[in-house]
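Chemist: Positions 516 to 620 (the working numbering) are the ones given, in order, by the sequence shown.
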Amino acid sequence: MTAEPEYHPTIRDLPSNDRPRERLLQYGSSALSTAELLAIVLRVGTRDENAVQLGQRLLASFGGLAGLVRASAPELTQERGLGPAKVAQVKAALELGLRLVVDSH
516 MTAEPEYHPT
526 IRDLPSNDRP
536 RERLLQYGSS
546 ALSTAELLAI
556 VLRVGTRDEN
566 AVQLGQRLLA
576 SFGGLAGLVR
586 ASAPELTQER
596 GLGPAKVAQV
606 KAALELGLRL
616 VVDSH
């Protein structure tokens, strides 16, 4: 007897009003969780988790956005689902956020 393969819904499998990008465009960025915003930056997840789940895992593993900011690129690249391109995207987005905070003071 073989086990049935686990079902891992992709973002495309979600109803359009549950997809982070569509929700952001309809309701604004403040309507999204941090994991959903991170999912938009990540664009795709892995075979086992969609981009939102990947974002949730990263936030939990690193202790939130502050932990992601402190993490080095090599540290992040060690995470399942993150290669150099995704790490660069995440680090660039976080740096933009930091610069916005500095520029607004």
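Backbone N, C-alpha and C define an ideal beta-carbon position, used for all residues, glycine too.
None of these values were measured; they are calculated from a predicted model.
Identify, in the order they occur along the chain, each residue of the same chain with its Cβ nearer than 8 Å to the Cβ of residue 606, setting aside the five sequence neighbours on each side.
Modeler: Here the question's residue 606 lines up with position 91 in the sequence shown. Excluding residues within five positions, the ones whose Cβ falls inside 8 Å are 588, 591.
Chemist: Run the proximity test for residue 603: is its beta-carbon closer than 6 Å to any non-hydrogen atom belonging to the ligand NAP?
Modeler: Within the structure as shown, the ligand NAP is missing, as the structure has no ligands at all.
Chemist: Compare the Cα-Cα distances from residue 556 to each of 573, 585, 532 and report the closest residue.
Modeler: Numbered from its first residue, the sequence shown carries residue 556 at position 41. Ranking the options by Cα distance to residue 556, first place goes to 573.
Chemist: Could you give the DSSP three-state label for residue 616: helix, strand or coil?
Modeler: Translated into the one-based positions of the sequence shown, residue 616 becomes position 101. Residue 616 falls in the helix class under three-state DSSP.
Chemist: Measure the alpha-carbon distance for residue 567 versus residue 593 and round it to whole angstroms.
Modeler: Taking the first residue of the sequence shown as position 1, residue 567 is located at position 52. Taking the first residue of the sequence shown as position 1, residue 593 is located at position 78. Residue 567 and residue 593: Cα-Cα distance of roughly 19 Å.
Chemist: For residue 598, count neighbouring Cβ atoms within 10 angstroms of its own Cβ and tell me buried if that reaches 16, exposed if not.
Modeler: Along the sequence shown, read from residue 1 onward, the residue named residue 598 stands at position 83. The residue is exposed, with fewer than 16 neighbouring Cβ atoms inside 10 Å.
Chemist: Is it right to say residue 551 is buried, meaning 16 or more other beta carbons lie within 10 angstroms of its own, or is it exposed?
Modeler: Position 36 of the sequence shown, counted from the first residue, corresponds to residue 551. Under this definition residue 551 is a buried residue.
Chemist: Do residue 569 and residue 596 have their CB atoms nearer than 7 Å?
Modeler: Looking up residue 569 in the sequence shown gives position 54. Looking up residue 596 in the sequence shown gives position 81. Contact flag set, yes.
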